[in-house]
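Numbering (our numbering), first residue to last: 14 to 162. Glycine included, each C-beta is placed from N, C-alpha and C at the ideal position. Below is one structure; the comments refer to it alone.
As structure tokens, this is what we get:
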């Protein structure tokens, strides 16, 4: 399983919020300053998280975002589904497309077991597990930009 760029940005932004005082509203500019995540992209991602009930938003000069519930009650799996949509298990996990041999393929069976384990870990992991220690800022790695054609 590979995380989308949007999920990656979501985790950096959410880990920053998880490290804040409970209920503190944080402007996107602060997250951008801390992690370098693009504000416009993060705004779209955070709106998905608001719709999913994982964040609250406040408008205005003192506006921003806050966790909708304690960080320990928000799982990594919930974040991925809110940003990227449902994690599906249909078809060939290797090729990422439908296959008539999907139910009998022993190769796919191994990858499906691996996916089940990954999903179990993501359901168990919370934002508390990802929040930086007090005062610690972790810069996201430089993400390669896709060439436009």
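The beta-carbon separation of residue 17 and residue 87, rounded to 18 Å, does not stay under the 8 Å limit for a contact. Counting C-beta pairs with one atom in each stretch, the stretch 120-128 and the stretch 62-81 have fewer than three that are closer than 8 Å, which means they do not touch.
Counting only residues of its own chain and dropping the five nearest sequence neighbours on each side, residue 94 has a CB closer than 7 Å to the CB of 100.
In summary, residue 42 is exposed, with fewer than 16 beta-carbon neighbours lying within 10 Å of its beta-carbon over all protein chains present.
Following the DSSP letters along the chain, one finds residue 26 inside the alpha helix (DSSP H) bounded by residues 18-31.
With contacts defined as CB atoms closer than 8 Å, residue 68 and residue 62 qualify as a contacting pair. By the C-beta density criterion, residue 27 is buried, having at least 16 other C-beta atoms within 10 angstroms. In terms of CA proximity to residue 23, 60 leads the group 123, 60, 35. Taken in chain order, the complete alpha helix (DSSP H) segments of 4 residues or longer contained in the stretch 50-78 are 52-64. Pairing residue 47 with residue 144 gives a Cβ-Cβ distance that is not under 8 Å.
Look at residue 35 here: in three-state DSSP terms it is coil, with no helix or strand label. Note on geometry: alpha-carbon atoms of residue 66 and residue 112 lie some 35 Å from one another. Of 64, 71, 76, 51, the smallest CA-CA separation from residue 96 is found for 64.
Short of 8 Å from the beta carbon of residue 118, and not among the five residues preceding or following it, lie these beta carbons of its own chain, in chain order: 105, 112.
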